[in-house]
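For the protein sequence lines, the chains are A and B, in the order given. Sequential numbering from -8 applies to the first sequence in the numbering used here. Sequential numbering from -8 applies to the second sequence in the numbering used here. Just so it is clear, CB atoms sit at the ideal spot from N, CA and C, and this is done for glycine as well. To start, the structure under review is shown below, and the notes come after it.
Protein chains: 2
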Amino acid sequence: MLIREATAADWPAIWPFFHAIVEAGETYTYPRDMDEPAGRESWMLQPPGRTVVAVDEAGTVLGSAKMNPNHMGGASHIASASFMVDPRYGGRGVGRALGEHVLAWARVEGYRAMQFNAVVETNTVAVALWKSLGFQIMTTLPEGFRHPAKGYVGLHIMYQQL
Amino acid sequence: MLIREATAADWPAIWPFFHAIVEAGETYTYPRDMDEPAGRESWMLQPPGRTVVAVDEAGTVLGSAKMNPNHMGGASHIASASFMVDPRYGGRGVGRALGEHVLAWARVEGYRAMQFNAVVETNTVAVALWKSLGFQIMTTLPEGFRHPAKGYVGLHIMYQQL
């Protein structure tokens, strides 16, 4: 597996799983009916943001991550990031590799912390992964997320100092 | 004191205290060198956001608040808001009146919670005011804010269900 900068040419490979994940509405706070141009704008970041893809030996896109400052001004030393793994390639460490990459990027860029603003508490695989990478659940916003099947559930804010 | 919708004609009255507060860099996460067009774009919101001003009997602008969804999609029932009071008119309840107005707006609009993402812990007057209006400190991001005089201080995330 290789993690490299995402280019415009990667978007057609990202969009199908991005769209499926967003439309399911279980893990992301994007509008479930987000269309392709809005999806591209939200995911394919310009500096100081950055987007990468994880690809296999054949060049197949397995997943993607975007990273960016989470605040401006006096809190601009806090980064954030988002991750999507193609469900067809789940369970093989793609999310973990992307997470490690993003944390390394944040350290190199001089960020002092990374914050995830909205981790749905029922997304237990992601919560466990971020914990294993050093993140703590700082708080859980009660009924912060409306899950399409489970109703109102908590929304974690996760954080780690770098 | 009256609270009413802000119009484009109010911006010249807002900008001087907006600019002074942002340039001081002690309470807001805006870039301290934010220029006037960027300030206007960040503060004068379009629907579904909304911006109001508090004015006295003579029509003088005493302070302003903006309010907006804090998340999209499955968390779009969480609102947020920001407040600026002209320091010349501090201590006379302008911030409290704006806070009460914003909470009433959020309830009428059907939001289920209000979240403040970045309340600097040394801004004790604001923290006490939001607590008195029902907000809780959900967590404090350690060293989340770089205060120009006090160095790295905590950044509160405050929340209340409506």
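Using beta-carbon positions only, say whether valine 52 (chain B) and valine 46 (chain B) come within less than 7 Å of one another.
-> Yes.
My guess is that phenylalanine 136 (chain B) and leucine 146 (chain B) are in contact by the Cβ rule of under 8 Å, so how many angstroms apart are they, rounded?
-> With 8 Å as the limit, phenylalanine 136 (chain B) and leucine 146 (chain B) qualify as a contact, their Cβ atoms being about 4 Å apart.
Within 7 Å (strictly less), CB to CB, does methionine 58 (chain B) reach chain A?
-> No, because no Cβ of chain A sits closer than 7 Å to the Cβ of methionine 58 (chain B).
Any chance the segment 97 to 107 of chain B sits against the segment 66 to 74 of chain B, with 3 or more Cβ pairs inside 8 Å?
-> With a cut-off of 8 Å, the segment 66 to 74 of chain B and the segment 97 to 107 of chain B count as touching, because enough Cβ pairs lie within range.
What are the start and end residues of each continuous alpha helix (DSSP H) run of 4 or more residues lying completely inside the segment 113 to 140 of chain A, in chain order?
-> Within the segment 113 to 140 of chain A, the complete alpha helix (DSSP H) runs of at least 4 residues are 115 to 123.
Supposed contact pair alanine 88 (chain B) and arginine -8 (chain B) - C-beta distance, whole angstroms, cut 8 Å = The amino acid at residue -8 (chain B) is misidentified as arginine; the sequence shows methionine. Alanine 88 (chain B) and methionine -8 (chain B) do touch by the CB rule: their CB atoms are close to 6 Å apart, below 8 Å.
Have a look at B:Gly40, B:Arg83 and B:Met63 and flag the residue whose alpha-carbon is nearest the alpha-carbon of glycine 54 (chain B).
-> Per the Cα distances, B:Arg83.
Would you decide whether glutamine 37 (chain B) is buried or exposed? Buried here means 16 or more other CB atoms lie within 10 Å of its CB.
-> Note on glutamine 37 (chain B): under 16 other CB atoms within 10 angstroms of its CB, so exposed under the neighbour-count rule.
Are the C-beta atoms of methionine 129 (chain A) and some chain B residue less than 7 Å apart?
-> Residue contact check for methionine 129 (chain A) against chain B: a CB pair falls below 7 Å.
Range of the contiguous alpha helix (DSSP H) that encloses alanine 29 (chain A) = Element bounds for alanine 29 (chain A): 27 to 34.
Quick one: measure Cβ to Cβ for methionine 35 (chain B) and tryptophan 96 (chain B), integer angstroms, because I've assumed they're closer than 8 Å.
-> That belief does not hold up - the Cβ atoms of methionine 35 (chain B) and tryptophan 96 (chain B) are roughly 16 Å apart, past 8 Å.
Is the beta carbon of threonine 115 (chain B) sitting closer than 7 Å to the one on histidine 138 (chain B)?
-> Against a cut-off of 7 Å, the Cβ pair of histidine 138 (chain B) and threonine 115 (chain B) comes out as no contact.
Taking only the alpha-carbon atoms, compute the straight-line gap between arginine -5 (chain B) and histidine 92 (chain B) and give it to the nearest angstrom.
-> In a straight line, the C-alpha of arginine -5 (chain B) is about 10 Å away from that of histidine 92 (chain B).
For tyrosine 150 (chain A) and chain B, any beta-carbon pair shorter than 7 Å?
-> Residue contact check for tyrosine 150 (chain A) against chain B: a CB pair falls below 7 Å.
Contacts around methionine 129 (chain A), its chain only, beta-carbon distance under 6 Å, and the 5 residues preceding and following it disregarded | Sequence-distant Cβ neighbours of methionine 129 (chain A) in its own chain, meaning closer than 6 Å and more than five residues away, are Ile148 and Tyr150.
Note the first and the last residue of the continuous alpha helix (DSSP H) segment covering leucine -7 (chain A).
-> That residue, leucine -7 (chain A), is in no alpha helix (DSSP H); its beta strand (DSSP E) goes -7 to -4.
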